[in-house]
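Input: a single structure, listed below in structure tokens.
Residue numbers (UniProt numbering): 1 to 449.
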């Protein structure tokens, strides 16, 4: 059966969707200029081979000899070093994947991000992903590498981007061990997953190839893994074995054990045909298990709250399925609402994914409100139906920052107010200016939650 399937895949492959890529293997050290010159030569080789995109590994900029050197050599994404790589992209006409810049945060310069940056043929940044999972490993007598001592972890998922070779999902090195990130990228339309890396020799020998092939097979994506190899300094060596794996799990290109390059064709029609012939994602049992991701939505459009329209200036947080906004008639200072983007009358109408997202967002909003209003108590509730006090036919969560005595002798007096305050003609609706000002405060504060 496997032979028949493989033959069928090969028969259906077409040439119009094929694109050549270059995958680079480096032995970076602390000399940033020397490392750049090596990368520059590789870009020239990729251009000569008519590649459309070139992939560099994690730490393409440098590998420091100490924690202090890693921090001191870090540069900003808008800095001079990146300008040199932008120049290479413009000169060559290539898209460039830079697998791990030590990216200095101006607000916290002593601890940079580990950033995977994709720049297009015009030298513009198309995507910037900060590594989510930091590699902290200590094997007595063998290796000690604590990435959290010289890097800070990212806090956001980054959606796959369209490139000349296909839709690309971004990860870095240790992220390879966390399959949820790869599955999420596949759900978001990725055809290629990139894992620029600097694997240690011990872990590379045991797991590198197995992990790369597993990610390719389970997501039915090409996997591109540019890697560091060899001895960087007295304290650090890397495993190498840069490679490209196709969606069937076959290794289609691999570097020799030195500073080197390999080349591979990416055929997106092969991806599509394989997924059609083995539709494993259609067979997943979402009724029994799901993949929940705390995903931020940066849309800025108005939202519907039943028949009402909520202005974007009133919305301070959006996830994939829900949004949070300030209240037209708050019962208390610090009273906000969260509801699903899809208009539903009852909590029981929500999908499991919507339910999970709604209450994950509610927890995040609660933490933010308590911090902003300097309180340690909150009320979180749902009025589900008119007999429960619901006046707007769109399920929503009330989150209120609570203070001692805010409703007299009993905190539960709040619920009577919730049921009647919308109908009280004495309660003045707030102006859009008032609501926008409050939302702006929350929008900034929730970034740090």
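Even glycine gets a Cβ: it sits at the ideal position worked out from N, Cα and C.
(message) I need the straight-line Cα distance from residue 76 to residue 83, nearest angstrom please.
(response) In the chain shown, the residue the question calls residue 76 occupies position 76. In the chain shown, the residue the question calls residue 83 occupies position 83. Taking the straight line joining both Cα atoms gives about 10 angstroms.
(message) Cutting at 7 angstroms between CB atoms, please list the residues of its own chain near residue 257, excluding the five before and the five after it.
(response) Numbered from its first residue, the chain shown carries residue 257 at position 257. Only 229, 240 meet the Cβ criterion.
(message) In whole angstroms, give me the CA-to-CA distance for residue 204 and residue 189.
(response) Here residue 204 refers to the residue found at position 204 when the chain shown is read from its first residue. Here residue 189 refers to the residue found at position 189 when the chain shown is read from its first residue. Rounded to the nearest angstrom, the two C-alpha atoms are 28 angstroms apart.
(message) Looking only at its chain, what residues have a beta carbon closer than 6 angstroms to the beta carbon of residue 478, apart from the 5 residues adjacent to it on each side?
(response) The chain is shown from 1 up to 449; residue 478 falls before or after that span and cannot be answered.
(message) I'd like to check one pair, residue 168 with residue 245: are the Cβ atoms closer than 8 angstroms?
(response) As a first step, residue 245 is located in the chain shown; it is residue number 245 there, counting from the start. As a first step, residue 168 is located in the chain shown; it is residue number 168 there, counting from the start. The answer is no: Cβ separation not under 8 angstroms.
(message) For a test of the three-state rule: what should DSSP assign to residue 271, helix, strand or coil?
(response) For this step, residue 271 is matched to residue 271 along the chain shown. In this structure, residue 271 counts as helix in the three-state DSSP scheme.
(message) Based on DSSP bridge pairs, tell me the residues matched to residue 340.
(response) On the chain shown, position 340 is the one that residue 340 refers to. Per DSSP, 322.
(message) Whole angstroms are fine: how far does the CA of residue 389 sit from the CA of residue 383?
(response) Mapped onto the chain shown, residue 383 falls at position 383. Mapped onto the chain shown, residue 389 falls at position 389. Straight-line Cα distance between these residues: approximately 6 angstroms.
(request) Report yes if the C-beta distance between residue 221 and residue 58 is below 8 angstroms; otherwise report no. (result) In the chain shown, counting from the first residue as 1, residue 221 sits at position 221. In the chain shown, counting from the first residue as 1, residue 58 sits at position 58. No, they are not a contact pair.
(message) To test your reading of the DSSP string, which unbroken beta strand (DSSP E) runs of 3 or more residues are found completely within the stretch 216 to 253?
(response) 222 to 225, 227 to 233, 236 to 239, 243 to 245
(request) Tell me whether the beta-carbon of residue 56 lies closer than 8 angstroms to the beta-carbon of residue 97. (result) If you number the chain shown from 1, residue 56 lands on position 56. If you number the chain shown from 1, residue 97 lands on position 97. In contact: residue 56 and residue 97 (Cβ atoms closer than 8 angstroms).
(request) Only counting runs of 4 or more residues, tell me where the alpha helix (DSSP H) segments fall wholly within the UniProt domain "HIT" (301 to 409), in order along the chain. (result) 352 to 372
(request) May I ask you to verify whether the stretch 430 to 445 touches the stretch 413 to 420, counting CB pairs closer than 8 angstroms and requiring at least 3? (result) no
(message) Out of 365, 446, 303, which one is the CA nearest neighbour of residue 455?
(response) Residue 455 is absent from the model: the chain starts at 1 and stops at 449.
(request) Measure how close the beta-carbons of residue 376 and residue 400 come, nearest whole angstrom, since I'm counting them as under 8 angstroms. (result) Translated into the one-based positions of the chain shown, residue 376 becomes position 376. Translated into the one-based positions of the chain shown, residue 400 becomes position 400. Not quite, the Cβ-Cβ distance comes to about 13 angstroms (not below 8 angstroms), so this is no contact.
(request) Put residue 143 into one of helix, strand or coil per three-state DSSP. (result) Working through the chain shown from its first residue, we reach residue 143 at position 143. If DSSP states are grouped into helix, strand and coil, residue 143 belongs with the strands.
(request) For the stretch 429 to 436 and the stretch 301 to 318, state whether three or more C-beta atom pairs, one from each stretch, are separated by less than 8 angstroms. (result) yes
(request) For residue 446, count neighbouring Cβ atoms within 10 angstroms of its own Cβ and tell me buried if that reaches 16, exposed if not. (result) Here residue 446 corresponds to residue number 446 of the chain shown, with the count starting at 1. So residue 446 counts as buried.
(message) Rounding to the nearest angstrom, what Cα-Cα distance links residue 200 and residue 237 in this structure?
(response) Within the chain shown, residue 200 is the residue found at index 200, counting from 1. Within the chain shown, residue 237 is the residue found at index 237, counting from 1. Approximately 6 angstroms, taken between the alpha carbons.
(request) Could you say which of 367, 294, 125, 345 lies nearest to residue 396 if we only look at CA atoms? (result) Residue 396 sits at position 396 when you count from the first residue of the chain shown. Residue 396 has its Cα closest to that of 345, out of 367, 294, 125, 345.
(message) Could you tell me which whole alpha helix (DSSP H) segments of length 4 or greater appear in the stretch 16 to 49?
(response) 32 to 48
(message) Do residue 243 and residue 212 have their beta-carbon atoms positioned less than 8 angstroms apart in this structure?
(response) Here residue 212 is taken as the residue at index 212 of the chain shown, counted from 1. Here residue 243 is taken as the residue at index 243 of the chain shown, counted from 1. Their beta carbons are under 8 angstroms apart, which means residue 212 touches residue 243 by this criterion.
(request) Report the residue ranges of all beta strand (DSSP E) runs contained in full by the stretch 83 to 159; include only those spanning at least 3 residues, in chain order. (result) 95 to 103, 113 to 119, 125 to 130, 136 to 139, 143 to 146
(message) Need the endpoints of the beta strand (DSSP E) that residue 176 sits in, please.
(response) As a working note, residue 176 is residue 176 in the chain shown. Segment: none, residue 176 is in no beta strand (DSSP E) and carries neither H nor E.
(message) Using 8 angstroms as the threshold, is the C-beta distance between residue 380 and residue 317 below it?
(response) Along the chain shown, one-based indexing puts residue 380 at 380. Along the chain shown, one-based indexing puts residue 317 at 317. No, the pair does not count as a contact, with Cβ atoms beyond the cut-off.
(request) For the alpha helix (DSSP H) containing residue 420, list its first residue and its last residue. (result) By 1-based counting over the chain shown, the position of residue 420 is 420. Where residue 420 is concerned, the enclosing alpha helix (DSSP H) stretches over 413 to 420.
(message) I need the boundaries of the alpha helix (DSSP H) containing residue 443, first residue and last residue.
(response) By 1-based counting over the chain shown, the position of residue 443 is 443. It spans 432 to 445 - the alpha helix (DSSP H) in which residue 443 sits, taken as one unbroken run.
(message) The beta strand (DSSP E) that contains residue 161, what's its start and end?
(response) Residue mapping note: residue 161 aligns to position 161 of the chain shown, counting from 1. Note, residue 161: beta strand (DSSP E), 161 to 163.
(message) Per DSSP, what are the beta-bridge partners of residue 75 in this structure?
(response) Position 75 of the chain shown, counted from the first residue, corresponds to residue 75. Answer is 103.
(request) Give the straight-line distance between the Cα atoms of residue 342 and residue 409, rounded to the nearest whole angstrom. (result) For this step, residue 342 is matched to residue 342 along the chain shown. For this step, residue 409 is matched to residue 409 along the chain shown. Their backbone Cα atoms lie some 38 angstroms apart in a straight line.
(request) For residue 206, name the three-state secondary structure that DSSP assigns. (result) Within the chain shown, the letter at position 206 stands for residue 206. Three-state result, residue 206: helix.
(request) Since I believe residue 215 is in contact with residue 182 (beta carbons under 8 angstroms), could you give me their beta-carbon distance rounded to a whole number of angstroms? (result) Here residue 182 refers to the residue found at position 182 when the chain shown is read from its first residue. Here residue 215 refers to the residue found at position 215 when the chain shown is read from its first residue. With 8 angstroms as the limit, residue 182 and residue 215 qualify as a contact, their Cβ atoms being about 5 angstroms apart.
(message) Using CA atoms only, rank isn't needed, just tell me which of 110, 142, 128, 186 is closest to residue 149.
(response) Taking the first residue of the chain shown as position 1, residue 149 is located at position 149. The residue with the shortest Cα to Cα distance from residue 149 is 110.
(message) Let me check one thing: in DSSP terms, what residues is residue 167 bridge-paired to?
(response) If you number the chain shown from 1, residue 167 lands on position 167. Bridge partners of residue 167: 162.
(request) Using three-state DSSP, classify residue 295 as helix, strand or coil. (result) Residue mapping note: residue 295 aligns to position 295 of the chain shown, counting from 1. Three-state result, residue 295: coil.
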